[in-house]
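To keep things clear, I will list the structure first and then write my remarks on it.
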């Protein structure tokens, strides 16, 4: 039984995590100086958390230190109007534990951009939701 | 003279608008029930504003009505580790003026998903910034 709302299938949590695992670039939604902002990051999963690297002392490092953040990944194909998105919300923290840092880095991937992104940010999602585009002809029971 | 920070070239406002004009799917950063959220939307530019459609009464419609929101567009190529992102921040509003709605729709594009997305949201950016990945060999003076 699919849950469909406004042309979007609502995905279960397990499928959301599977899709999160397929992505490489995601977007972090934070607040900087009382204003909303979105920054793309190269991310990976490790355990039940999302990890990315950033520069020590950067706005992104500051804004994700102890804050509740949004994290979004999506993939769209314009040619056949298909695609999905996953949204995770949770507390972000800078990883200070050296042993954990090494384990996390070992499982991770380097950022696309050069630069000294030597701080590791962890997001522990407490809420995960996802949506996939379905067109009427795919959902015969609509 | 390029401004480069952590492997990212900081783009001028004119180039940011040019890149915004090339995209079709962007992401809106909003606050829903005191929590941050990011939702992908099919968008277009008209005049000096960003427009997208959403369902009347939806969370997205409510959260973008009179709020300051973030809007992000990016494009990355993993194979050669290149890409760019643009972030716009500004006040969002539901468009109520029928004449304006028709003009805006005429310049616009339909959402990728089916569904009754008959409300138009306008974001008037007051702040636009952009970044492009540059690797050391492209920036000989680094």
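Protein chains in written order, with this note's numbering: chain A, 1 to 142; chain B, 1001 to 1142.
Don't be surprised by glycine CBs; every beta carbon is placed ideally from N, CA and C.
Since this is a predicted model, take the numbers as computed values, not measurements.
Check: What residue range is occupied by the uninterrupted alpha helix (DSSP H) comprising residue 1078 of chain B?
Finding: Here residue 1078 of chain B belongs to no alpha helix (DSSP H), and DSSP marks it neither H nor E.
Margin query: If I measure Cβ to Cβ from residue 1050 of chain B and keep anything under 6 angstroms in the same chain, skipping five residues before and after, which residues do I get?
Written below: 1043, 1071, 1123
Check: With 16 other CB atoms within 10 Å as the buried threshold, where does residue 143 of chain A fall?
Finding: Outside the displayed range of chain A (1 to 142) lies residue 143 of chain A, so it cannot be described from this structure.
Margin query: Do residue 64 of chain A and residue 95 of chain A count as a contact pair if the criterion is CB distance below 8 angstroms?
Written below: no
Next item on the list: Look at the alpha carbon of residue 16 of chain A and the alpha carbon of residue 24 of chain A, and state the distance between them as a whole number of angstroms.
Entry: 14 angstroms
Check: Taking just the CA atoms, how far does residue 1089 of chain B sit from residue 141 of chain A?
Finding: Residue confidence is low: residue 141 of chain A scores 47 on pLDDT, short of 50, so the model does not pin down where it sits. No coordinate-derived value is stated.
Item checked: For residue 1094 of chain B: DSSP bridge partner residues -> B:1121
Check: Going by C-alpha distance, which of A:54, A:37, A:81 is nearest residue 135 of chain A?
Finding: A:81
Next item on the list: Determine the DSSP secondary structure at residue 1037 of chain B, reduced to helix, strand or coil.
Entry: strand
Next item on the list: Report the rounded CA-to-CA distance for residue 1006 of chain B versus residue 116 of chain A, giving the unit in angstroms.
Entry: 7 angstroms
Next item on the list: Throw me the rounded Cβ distance for the residue 83 of chain A and residue 1112 of chain B pair, which I believe falls under 8 angstroms.
Entry: 6 angstroms
Notebook entry, point to check: What three-state label does DSSP hand residue 1013 of chain B in the structure shown?
Noted result: helix
Check: Along the chain, where does the alpha helix (DSSP H) that runs through residue 62 of chain A open and close?
Finding: 59-63
Next item on the list: Check the C-beta distance from residue 1019 of chain B over to residue 1045 of chain B and give it rounded, since I have them as a contact under 8 angstroms.
Entry: Wrong, their Cβ atoms sit about 11 angstroms apart, outside the cutoff.
Check: When DSSP labels each residue in this structure, what does residue 28 of chain A get in the three-state scheme?
Finding: strand
Margin query: Rounding to the nearest angstrom, what Cα-Cα distance links residue 1107 of chain B and residue 127 of chain A in this structure?
Written below: 37 angstroms
Margin query: Just checking: is the beta-carbon of residue 1092 of chain B within a distance shorter than 8 angstroms of some beta-carbon in chain A?
Written below: no
Notebook entry, point to check: With DSSP run on the structure shown, which of helix, strand or coil describes residue 1112 of chain B?
Noted result: coil
Checklist line | chain B contact for residue 55 of chain A (CB, 8 angstroms cutoff) | finding: yes
Margin query: Output needed for residue 92 of chain A: all residues of its chain with C-beta closer than 6 angstroms, excluding positions within five of it in sequence on either side, in chain order.
Written below: 64, 67, 69, 121, 123
Margin query: Counting C-beta neighbours from all protein chains within 10 Å, is the total for residue 3 of chain A 16 or more, i.e. buried, or is it exposed?
Written below: exposed
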